[in-house]
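Some notes on the structure that comes next.
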Amino acid sequence: MKIYNALLVTLVLMSQFVFAAQSKNNSDASHSSFTVVQGQDPSDKFRISGGAIHALAGILALKGEYLYNDKIAVGADVFYGSRKAGSTDKNTTNKPYSQTYSEYNLSLSYMMTGSNYSDGFYINPKVGQLKAGIADYSDLSLSGSTSASQFVLVGGYQWAYDLKLQFKLGLGFRATQTADIVIYDASKKEVYRTSSNFNSAAIDCNIAYTF
14 MKIYNALLVT LVLMSQFVFA AQSKNNSDAS HSSFTVVQGQ DPSDKFRISG
64 GAIHALAGIL ALKGEYLYND KIAVGADVFY GSRKAGSTDK NTTNKPYSQT
114 YSEYNLSLSY MMTGSNYSDG FYINPKVGQL KAGIADYSDL SLSGSTSASQ
164 FVLVGGYQWA YDLKLQFKLG LGFRATQTAD IVIYDASKKE VYRTSSNFNS
214 AAIDCNIAYT F
């Protein structure tokens, strides 16, 4: 519940930023608070992006957004990764095992300076679900999984380029609910259970295309 309360507070604060920005634009319509980059059309309403750093770690990171206006974008993102870990040496008991990781989030991005089509600072709260699992661990073929609701808040800077390309770089934090971590044996019988949260720093590093 604390996670969703944090999102509500963030959205309320952002709505005040939007109100202030709209009031300023209405009082002085002849002065624009941003400069549109050549090659970008303010009538563009959609943006897709991919995570550059996540790709280096073998995690697929995709995000789709609807540009509600010059300042606000709403959307959803997904992260997914699967890999083999452990040693392949036959003389060790640390046998290869499978790891999976995924995230699904709803996102709201607000440009504090500039616009969705130009350089500027942004803030991006997200709420969603994090999942992780391990399978075929050791000669006992143990497996385990966990799932937790999360609230992520990142802020950073957006650089806009010709050809409708944008680059975002930001930092923030991740707060998750305390979740069960359950371990099963080869027969899928529960052999161990504990609980933990996955609070951590968060990084935003995306290459985006607006259309």
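Going by the working numbering, the first residue of the sequence shown is number 14, and it counts up by one from there.
Beta carbons: idealized from backbone N, C-alpha and C, even for Gly.
Close-in-space but distant-in-sequence residues of the same chain around residue i (CB under 6 Å, 5 per side omitted)
i, result
"aspartate 132", "Trp172, Ala173"
"threonine 191", "Ser208, Asn210"
"valine 165", "Lys139, Arg187, Ala215"
"glycine 94", "Gly71, Ile72, Tyr114"
"lysine 144", "Ser115, Ser160"
"histidine 44", "Interpretation of histidine 44 is limited by its pLDDT of 41, a score under 50 that renders its predicted location unreliable; the figure taken from the coordinates is listed afterwards. For histidine 44, where only same-chain residues beyond five positions count, there are no Cβ hits under 6 Å."
"valine 91", "Leu75, Tyr117"
Residue i to residue j span [Cα, whole Å]
i, j, result
"lysine 202", "glutamine 112", "19 Å"
"tyrosine 170", "glycine 127", "10 Å"
"leucine 153", "isoleucine 196", "12 Å"
"alanine 68", "serine 200", "35 Å"
"valine 204", "glycine 64", "37 Å"
"alanine 221", "aspartate 198", "43 Å"
"tyrosine 135", "lysine 76", "16 Å"
"lysine 58", "glutamine 179", "14 Å"
"serine 162", "leucine 121", "17 Å"
"aspartate 149", "tyrosine 117", "25 Å"
"glutamine 142", "tyrosine 79", "21 Å"
"threonine 223", "lysine 181", "13 Å"
"asparagine 212", "arginine 60", "29 Å"
"serine 151", "leucine 119", "36 Å"
"lysine 177", "alanine 89", "20 Å"
"methionine 124", "glycine 146", "35 Å"
"threonine 189", "serine 62", "24 Å"
Residues near residue i by beta carbon distance below 7 Å, same chain, minus five either side
i, result
"valine 167", "Asn137, Gly183, Leu184, Gly185, Ala215, Asp217"
"isoleucine 66", "Ile216, Cys218"
"tyrosine 81", "Val87"
"aspartate 193", "Thr159, Arg206, Ser208"
Residue(s) in a DSSP beta bridge with residue i
i, result
"phenylalanine 224", "Beta-bridge pairing links phenylalanine 224 to no other residue."
"serine 95", "Thr113"
"tyrosine 81", "Bridge partners of tyrosine 81: none, in fact."
"tyrosine 205", "Ile196"
"tyrosine 123", "Ile85, Ile136"
"aspartate 90", "Lys76, Asn118"
"aspartate 57", "In DSSP, aspartate 57 forms no bridge with anything."
"alanine 13", "Coverage of the chain is limited to positions 14 through 224, which leaves residue 13 absent and any answer about it impossible."
"asparagine 219", "Gly64, Lys181"
"serine 213", "Arg187"
Residues of its chain near residue i, where Cβ-Cβ distance is below 8 Å and the 5 sequence neighbours each way are ignored
i, result
"lysine 97", "Pro109, Tyr110, Ser111, Gln112"
Distance cut-off 7 Å: residue i Cβ against heavy atoms of the ligand NAD
i, result
"isoleucine 85", "The ligand content of the structure shown is nil, which means the ligand NAD is not present either."
Item to complete: Evaluate the contact criterion for the segment 77-91 versus the segment 148-166: three or more CB pairs, one atom per stretch, below 8 Å.
Response: As far as the Cβ criterion goes, the segment 77-91 does not touch the segment 148-166, which means the pair count is below three.
Discussion item. Give the list of continuous beta strand (DSSP E) stretches no shorter than 3 residues that lie fully inside the segment 132-192.
Written reply: Taking only runs of at least 3 residues, the beta strand (DSSP E) segments lying wholly in the segment 132-192 are 133-150, 155-173, 178-189.
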